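Numbering (our numbering), first residue to last: 75 to 387. Below: the structure, in structure tokens.
Below, the structure is given as structure tokens:
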């Protein structure tokens, strides 16, 4: 489906407001973090690191966890499901760096290549389709007593002029605020809830809207559970999104439920690639402006300690 043009400058004041709020929030919490960083490090060692369970299409919750200070990660996320869903295989590759124990930054670029299974000759088309940059801050000061708090700001922008099916043609500014806490009496489990915005700005790239996507500014509200059992992590997300509050067009709504499981792939199945490979499987149940939608996602993600790889070589 084609994207709808947004009114000129419709998102400008929202973007300025969000950037101000995030900057103020980080500044407000730095002082509080100085006295409690040891507690934050102890807490982060208990649960799985953020990058271990953030797999697009399986679990997209924004938990208040960050990469350890000075850790440099190389992240690969090939979309093998594209072999039967699209004419091109996408393979994002990115870096993630821990500025402090509570603050990290990340950048990724999504490449694509025609796989030859659906009308386009293999390797005849290739390029880059999207750039993504993000930063996340986990605060020891919280607005909700008893709950850990984290804030993330993510920006995505289409690159070059990729095939229409690979982009919606918009740049996205996505700020989010999340709270989480461990569940007493349930080892390895925690619950979370939060809210965010998806602010759009038109680019010069032509794209198409996926089923049940809005093509408009939206608010999101999310809640769920994460349960870690050894090398497996069970997840559940419930998300409500709406354009009614900040959208420029008719009000639209979307409800999504997504249970999933993520587990570490043993080294013997990854050719001892020195990385930490994860496989995630999730079911999705969606009801949105285009009606009901359901399906199953199987995703893979490789996480490599880049500093360790460089030292070994």
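Every residue, glycine too, gets a C-beta built ideally from N, C-alpha and C. Keep in mind the model is a prediction, meaning the values are calculated, not measured.
Spatial neighbours of residue 192 in its own chain (CB-CB distance under 8 angstroms, excluding positions within 5 residues in sequence) are listed in chain order as 160 and 161.
Around the beta carbon of residue 369, fewer than 16 other beta carbons sit within 10 angstroms, so the residue counts as exposed. In the three-state scheme derived from DSSP, where H, G and I count as helix and E and B as strand, residue 341 is classed as helix. Judged by DSSP in its simplified three-state form, residue 383 adopts helix. For residue 231, the enclosing beta strand (DSSP E) stretches over residues 222-232.
In this structure, the straight-line span from the alpha carbon of residue 241 to that of residue 314 is close to 23 angstroms. In the DSSP assignment, residue 158 falls within the alpha helix (DSSP H) that extends over 156-159. In terms of Cα proximity to residue 167, the closest of 177, 155, 203 and 151 is 151.
Residue 382 is classed as exposed because its beta carbon has fewer than 16 other beta carbons within 10 Å across all chains shown. Between residue 141 and residue 171 a beta carbon distance of about 7 angstroms is seen, short of the 8 angstroms cut, so the two are scored as contacting. If the five residues before and after residue 271 are omitted, its C-beta is found closer than 8 angstroms to the C-beta atoms of 88, 92, 247, 248, 249, 250, 291, 292, 293, 294 and 320, all from its own chain and listed in chain order.
Around the beta carbon of residue 377, 16 or more other beta carbons lie within 10 angstroms, which makes this residue buried.
Using a Cβ-Cβ distance cut-off of 8 angstroms, the stretch 273-281 and the stretch 229-241 are in contact, since at least three pairs of beta carbons, one from each stretch, lie closer than that value.
Under DSSP, the beta-bridge partners assigned to residue 248 are 228.
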